[in-house]
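Colleague: One line per chain: the protein sequences are A and B, in this order. Going by the working numbering, the first residue of the first sequence is number 18, and it counts up by one from there. Going by the working numbering, the first residue of the second sequence is number 5, and it counts up by one from there. Encoded as structure tokens, here's the structure I'll be asking about.
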Amino acid sequence: MSFLTIIQILLFITLVGASFFVAFRKFKEIYDNINMGKPEQIDTTLGFRLKSMFLIAFGQKKMFKLTFATQIELIEIFIDGLTGKHRILYHAFEGSFLESLYVFVINFIEILSLLTFIVTIIFILRRTTFKVARFQMPELKGWPWRDALNILAFELTLITFIFMMNSGDSALHMKEHGEGYGFILSGFLGNMISSFPNGLLHFIEKTGWWGHLCMVMVFLVYLPYSKHLHILLAFPNTFFTRPEPKGEMRNMTAIEHEVKSMLDPSFVVPATDGEIKFGAKDVYDLSWKSLLDAYSCTECGRCTAACPANQTGKKLSPRKIMMDTRDRMEDISKGKKEHGPDFADNRNLLGDYVTKEELRACTTCNACVEECPVNISPLNIILELRRNMIMDEADSPAEWNTIFANMENNQAPWQFSPDDRLKWTEELN
Amino acid sequence: MQYNVPVLSELVAEGKTPDVVFWVGCAGSFDQRAQRVTVAFTKILNRLQINFAVLGTEEACTGDPARRAGNEFVFQMLAQQNIAALNNYGVKKIVTTCPHCFNTLKNEYPALGGNYEVVHHSTYLQQLINEGKLKVEGGTFKGKKITYHDSCYLGRANDIYEAPRAVIEALDADLVEIKKCKTNGLCCGAGGGQMFKEDEPGKKRINIERTEQLMEVNPDVIAVACPFCNTMITDGVKNENKQDTIKVVDIAELIAQANSY
Chain A
18 MSFLTIIQIL
28 LFITLVGASF
38 FVAFRKFKEI
48 YDNINMGKPE
58 QIDTTLGFRL
68 KSMFLIAFGQ
78 KKMFKLTFAT
88 QIELIEIFID
98 GLTGKHRILY
108 HAFEGSFLES
118 LYVFVINFIE
128 ILSLLTFIVT
138 IIFILRRTTF
148 KVARFQMPEL
158 KGWPWRDALN
168 ILAFELTLIT
178 FIFMMNSGDS
188 ALHMKEHGEG
198 YGFILSGFLG
208 NMISSFPNGL
218 LHFIEKTGWW
228 GHLCMVMVFL
238 VYLPYSKHLH
248 ILLAFPNTFF
258 TRPEPKGEMR
268 NMTAIEHEVK
278 SMLDPSFVVP
288 ATDGEIKFGA
298 KDVYDLSWKS
308 LLDAYSCTEC
318 GRCTAACPAN
328 QTGKKLSPRK
338 IMMDTRDRME
348 DISKGKKEHG
358 PDFADNRNLL
368 GDYVTKEELR
378 ACTTCNACVE
388 ECPVNISPLN
398 IILELRRNMI
408 MDEADSPAEW
418 NTIFANMENN
428 QAPWQFSPDD
438 RLKWTEELN
Chain B
5 MQYNVPVLSE
15 LVAEGKTPDV
25 VFWVGCAGSF
35 DQRAQRVTVA
45 FTKILNRLQI
55 NFAVLGTEEA
65 CTGDPARRAG
75 NEFVFQMLAQ
85 QNIAALNNYG
95 VKKIVTTCPH
105 CFNTLKNEYP
115 ALGGNYEVVH
125 HSTYLQQLIN
135 EGKLKVEGGT
145 FKGKKITYHD
155 SCYLGRANDI
165 YEAPRAVIEA
175 LDADLVEIKK
185 CKTNGLCCGA
195 GGGQMFKEDE
205 PGKKRINIER
215 TEQLMEVNPD
225 VIAVACPFCN
235 TMITDGVKNE
245 NKQDTIKVVD
255 IAELIAQANS
265 Y
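Here it is as structure tokens:
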């Protein structure tokens, strides 16, 4: 083994090790952030959970094919990186039926890469030139905008490196053996550059290899900081899909008991209820599932495009609710890192991130919940914040105070006497 | 025909039990437009000699607008009161003409000890038609273009899309779907307590947007299955000055009108 090979192996180990370390630290932080939330029991069977998860995964079948091809690719990177050799899998398979499988997989990756390259350019144009409405909303200004374009740029860079690597390698293989590996696209490109001197071809191939490794590691480290964390968290998030009909809002047991004791003095409020929390003021008061929802959001904006309030120009945007929730968690964990675990900043999700005007505009129509491709419920967060706004802060629109009073006094939102409930029968005959 | 409205407490005092309790709801009791739907549905129940009863003055709001606006206290007070009354009479089955009452009774009362078989009148009418008990005389709506506006609390909230359409199809009319229907239906703007307050600042009222979508197919009738949608879409049609050519009608009224009840 040459000195240069040893250097390369060491460099590989350092790079991959450091990337995994940094990524792991961030993933751990996100796990802790989600655990800031309150416990919530999600009563579903394993069968239901797997079904919910696979329905989403099968809905995006290409994810599966991609995963398989990517795994082979990743295995190869590792083996090649750790041994300092090249195309170990190809050489190991050479002559057996696995060789054609290997060639097929690489061809598959190359064709997908080319398609991805084209689609990525379309995506960039869709965001920058065609101005699709759901990508032009105020909540996407700044970081979310750059985040989306960053990933698209990474994608183009990665694919460029892959083709540099494969065509450089194909050209060298052709010169040495008189024929290529059988890779359609890189074989074609390799043919075009086969007149280059060997040194230059080696340089192109090595740059491609290290470049594409670096991009994979950049992606790994970048992922947990980005909305693209979605591609991982979509799986646990759909696994823990809530089973209730969308119309059902969860009971608040502590208030149920409180009211029961008012209506029936002999009822003793169970001691376990403790201090009653009125919905959610901050992320700590939301369920862990709502926090997982927030990290699973890829900001696609289908929820906001379907929202009746948003379509008619109100401030409410379900996507912004999810982004605010995530931003709040990130701000808290940043604060904790800088000022210690007791960090508090006198800010809350309600008011400082999500405004009351947004909350008041929701019709609870479930269009956002219906639209989400990964079963996120913005409505759940909206409801919990509303509960706090109404019951804890007693901040409700005057019209709502009127209906609350009517409901308490007349058992109807309108000011009619309960004795008149059968008045309509006069119209009958 | 003389129409009757049996009251549950009186029936029980006579030792009788109704097969089904008709939950009239606050809109159905007090709102002038919704009262006409209540009357239409009551006529259907009478004509089919269904053994039903209403709670009358013992019925209270289910608490839906309070819970959705965020006021759990008011919701709990009303819900516990209603459940005490329903359980006291041993009620087993409830039918309601309001998707909000339906959703709350069906999905939210069980957690508080109120377990009943709850059906919305769209499903109830569909069953009666399927069983051959409710016959719809054709004629009145023949050749009329009817489009249906999905109520969020029937559709997305409870996955009921076909029942109201089956009722409309029984009329021998022309059911035309708009682009944004079923799971993609746009809210009328009344849910979540919005019925009782002004829209937040914006470019447009939600009910206007929805009415415009419904008018794209030039319907003679916009069918609804919810008293709040009824109000919102009626206002929307008036806003466009189309109230003389486009009628907003509940599915129970369609049946009652077709059969000249």
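All residues carry an ideal CB built from backbone N, CA and C; glycine is no exception.
Would you say M81 (chain B) faces chain A, with C-beta separation under 7 Å as the test?
Modeller: Within the second sequence, numbered from 1, the residue matching residue 81 (chain B) stands at position 77. Yes - at least one Cβ of chain A is within 7 Å of the one on M81 (chain B).
Colleague: Determine the contact status of K184 (chain B) and L190 (chain B), defining contact as a CB-CB distance below 7 Å.
Modeller: As a working note, residue 184 (chain B) is residue 180 in the second sequence. As a working note, residue 190 (chain B) is residue 186 in the second sequence. Yes, these two residues count as a Cβ contact at 7 Å.
Colleague: What's the gap between the Cα of N124 (chain A) and the Cα of N183 (chain A)?
Modeller: Within the first sequence, the letter at position 107 stands for residue 124 (chain A). Within the first sequence, the letter at position 166 stands for residue 183 (chain A). So the two alpha carbons sit approximately 10 Å from each other.
Colleague: Thinking C-alpha only, which one of A:D369, A:R144, A:M181 is nearest R163 (chain A)?
Modeller: The residue labelled residue 163 (chain A) in the question sits at position 146 within the first sequence. Closest by alpha carbon: A:R144.
Colleague: Could you give the DSSP three-state label for T100 (chain B): helix, strand or coil?
Modeller: The residue given as residue 100 (chain B) occupies position 96 in the second sequence. In the structure shown, T100 (chain B) sits in a strand (DSSP, three-state: E or B).
Colleague: Who are the near neighbours of W417 (chain A) in its chain, counting only those whose CB is closer than 6 Å to its CB and skipping five residues on each side?
Modeller: Within the first sequence, residue 417 (chain A) is the residue found at index 400, counting from 1. Nothing meets the Cβ criterion.
Colleague: Who are E46 (chain A)'s beta bridge partners in DSSP?
Modeller: Residue mapping note: residue 46 (chain A) aligns to position 29 of the first sequence, counting from 1. E46 (chain A) is not bridged to any residue.
Colleague: Should N8 (chain B) go down as buried or exposed, given a rule of 16 or more other Cβ atoms within 10 Å for buried?
Modeller: One-based indexing of the second sequence puts residue 8 (chain B) at position 4. Result: exposed.
Colleague: Exposed or buried, what is F45 (chain B) when buried is set at 16 or more other beta-carbons lying within 10 Å of its beta-carbon?
Modeller: Looking up residue 45 (chain B) in the second sequence gives position 41. When all chains shown are included, F45 (chain B) counts as buried.
Colleague: Note down the Cα distance separating K78 (chain A) from H229 (chain A), rounded to an integer number of angstroms.
Modeller: On the first sequence, residue 78 (chain A) is found 61 positions in, with the first residue counted as 1. On the first sequence, residue 229 (chain A) is found 212 positions in, with the first residue counted as 1. Legend: pLDDT at K78 (chain A) = 46, less than 50; position of this residue unreliable, no value from coordinates given.
Colleague: Kindly indicate if chain B contains any beta-carbon less than 7 Å away from that of K78 (chain A).
Modeller: Translated into positions along the first sequence, residue 78 (chain A) becomes position 61. For K78 (chain A), the pLDDT reaches just 46, beneath the cut-off of 50, and the residue's location in the model is therefore unreliable, leaving the point undetermined.
Colleague: Which residue comes first and which comes last in the beta strand (DSSP E) that contains A227 (chain B)?
Modeller: In the second sequence, the residue the question calls residue 227 (chain B) occupies position 223. Taken as a continuous stretch (DSSP letters only), the beta strand (DSSP E) holding A227 (chain B) covers 225-228.
Colleague: Near Q381 (chain A), what residues of its chain come up, given a Cβ to Cβ distance below 7 Å and the 5 sequence neighbours on each side ignored?
Modeller: Numbered from its first residue, the first sequence carries residue 381 (chain A) at position 364. Rather than Gln, the amino acid found at residue 381 (chain A) in this sequence is Thr. Within the same chain, T381 (chain A) has close Cβ partners L396.
Colleague: For W226 (chain A), decide whether its Cβ has a neighbour in chain B, counting only Cβ atoms nearer than 7 Å.
Modeller: Here residue 226 (chain A) refers to the residue found at position 209 when the first sequence is read from its first residue. False, the Cβ-Cβ gap to chain B never drops below 7 Å.
Colleague: Using only the alpha-carbon positions, how far apart do D281 (chain A) and N427 (chain A) sit?
Modeller: The residue you call residue 281 (chain A) lines up with position 264 of the first sequence. The residue you call residue 427 (chain A) lines up with position 410 of the first sequence. The straight-line gap from Cα to Cα measures roughly 20 Å.
Colleague: Whole angstroms is fine: what's the gap from F200 (chain A)'s alpha carbon to M191 (chain A)'s?
Modeller: Taking the first sequence and counting its residues from 1, one reaches residue 200 (chain A) at position 183. Taking the first sequence and counting its residues from 1, one reaches residue 191 (chain A) at position 174. F200 (chain A) and M191 (chain A): Cα-Cα distance of roughly 11 Å.
Colleague: Please report whether the beta-carbon of R71 (chain B) lies at a distance below 7 Å from any beta-carbon of chain D.
Modeller: Protein chains A and B are contained in the structure displayed, whereas chain D is not.
Colleague: For P325 (chain A), count neighbouring C-beta atoms within 10 Å of its own C-beta (all shown protein chains included) and say buried if the count is 16 or more, exposed if not.
Modeller: As a first step, residue 325 (chain A) is located in the first sequence; it is residue number 308 there, counting from the start. By the neighbour-count rule (16 or more Cβ atoms within 10 Å), P325 (chain A) is buried.
Colleague: If we define contact as Cβ-Cβ less than 7 Å, is K242 (chain B) a contact residue for chain A?
Modeller: On the second sequence, residue 242 (chain B) is found 238 positions in, with the first residue counted as 1. So no, K242 (chain B) is outside the interface.
Colleague: Against N162 (chain B), what residues of chain A qualify as contacts under a CB-to-CB distance less than 7 Å, listed in chain order?
Modeller: Along the second sequence, one-based indexing puts residue 162 (chain B) at 158. P262, G264, listed in chain order.
Colleague: Closer than 8 Å by C-beta to I26 (chain A): which residues in its own chain qualify, once you throw out the five before and the five after it? Chain order, please.
Modeller: Along the first sequence, read from residue 1 onward, the residue named residue 26 (chain A) stands at position 9. Excluding sequence neighbours, I26 (chain A) sits near G98, L99, T100, G101.
Colleague: Quick one: Cα of V171 (chain B) to Cα of V41 (chain B), how far?
Modeller: Residue 171 (chain B) sits at position 167 when you count from the first residue of the second sequence. Residue 41 (chain B) sits at position 37 when you count from the first residue of the second sequence. Approximately 15 Å, taken between the alpha carbons.
Colleague: Looking at the structure shown, is W27 (chain B) part of a helix, part of a strand, or coil, going by DSSP?
Modeller: If you number the second sequence from 1, residue 27 (chain B) lands on position 23. Here W27 (chain B) sits in strand by DSSP.
Colleague: Between the Cα of Y120 (chain B) and the Cα atoms of B:Q217, B:I164, B:D248, B:T100, which residue gives the shortest distance?
Modeller: On the second sequence, position 116 is the one that residue 120 (chain B) refers to. The option with the nearest alpha carbon to Y120 (chain B) is B:T100.
Colleague: For the segment 191-223 of chain B, which residues have a CB atom closer than 9 Å to at least one CB atom of chain A, in sequence order?
Modeller: Within the segment 191-223 of chain B, the qualifying residues are C191, C192, G193, A194, G195, G196, G197, Q198, M199, F200, K201, E202, D203, E204, P205, G206, K207, K208, R209, I210, I212, E213, R214.
Colleague: Enumerate, from N- to C-terminal direction, the unbroken alpha helix (DSSP H) stretches of 4 or more residues contained entirely within the segment 195-239 of chain B.
Modeller: Listed in chain order, the complete alpha helix (DSSP H) runs (minimum 4 residues) inside the segment 195-239 of chain B are 210-219.
Colleague: Given that F56 (chain B) touches chain A, what residues does it touch there, using C-beta distances under 7 Å?
Modeller: Position 52 of the second sequence, counting from 1, holds the residue named residue 56 (chain B). Simply none; closest approach about 13 Å.
Colleague: Over what stretch of residues does the alpha helix (DSSP H) that includes T151 (chain B) continue unbroken?
Modeller: Start at 1 with the first residue of the second sequence, and residue 151 (chain B) comes out as number 147. That residue, T151 (chain B), is in no alpha helix (DSSP H); its beta strand (DSSP E) goes 149-152.
Colleague: Looking at D68 (chain B): is its Cβ nearer than 7 Å to the Cβ of H104 (chain B)?
Modeller: Position 64 of the second sequence, counting from 1, holds the residue named residue 68 (chain B). Position 100 of the second sequence, counting from 1, holds the residue named residue 104 (chain B). Going by C-beta atoms, D68 (chain B) is nearer than 7 Å to H104 (chain B).
Colleague: I'd like the span of the alpha helix (DSSP H) that includes V136 (chain A), first residue to last.
Modeller: On the first sequence, position 119 is the one that residue 136 (chain A) refers to. Unbroken alpha helix (DSSP H) run through V136 (chain A): 114-145.
Colleague: Please list the residues of the segment 9-29 of chain B that have a C-beta atom closer than 7 Å to any C-beta atom in chain A, keeping them in chain order.
Modeller: Answer in chain order: V9.
Colleague: May I ask you to verify whether the segment 30-45 of chain A touches the segment 284-299 of chain A, counting CB pairs closer than 8 Å and requiring at least 3?
Modeller: Output reads no: the segment 284-299 of chain A does not touch the segment 30-45 of chain A.
Colleague: Identify every residue that forms a DSSP beta bridge with L179 (chain B).
Modeller: Working through the second sequence from its first residue, we reach residue 179 (chain B) at position 175. L179 (chain B) is bridged to B:I150.
Colleague: Going by beta-carbon coordinates alone, are E62 (chain B) and A89 (chain B) separated by less than 7 Å?
Modeller: Within the second sequence, the letter at position 58 stands for residue 62 (chain B). Within the second sequence, the letter at position 85 stands for residue 89 (chain B). In contact: E62 (chain B) and A89 (chain B) (Cβ atoms closer than 7 Å).
Colleague: Going by other Cβ atoms of all chains shown within 10 Å of its Cβ, with 16 needed for buried, is V149 (chain A) buried or exposed?
Modeller: Mapped onto the first sequence, residue 149 (chain A) falls at position 132. When all chains shown are included, V149 (chain A) counts as exposed.
Colleague: Would you say T101 (chain B) faces chain A, with C-beta separation under 7 Å as the test?
Modeller: In the second sequence, counting from the first residue as 1, residue 101 (chain B) sits at position 97. No - not a single Cβ of chain A is within 7 Å of the one on T101 (chain B).
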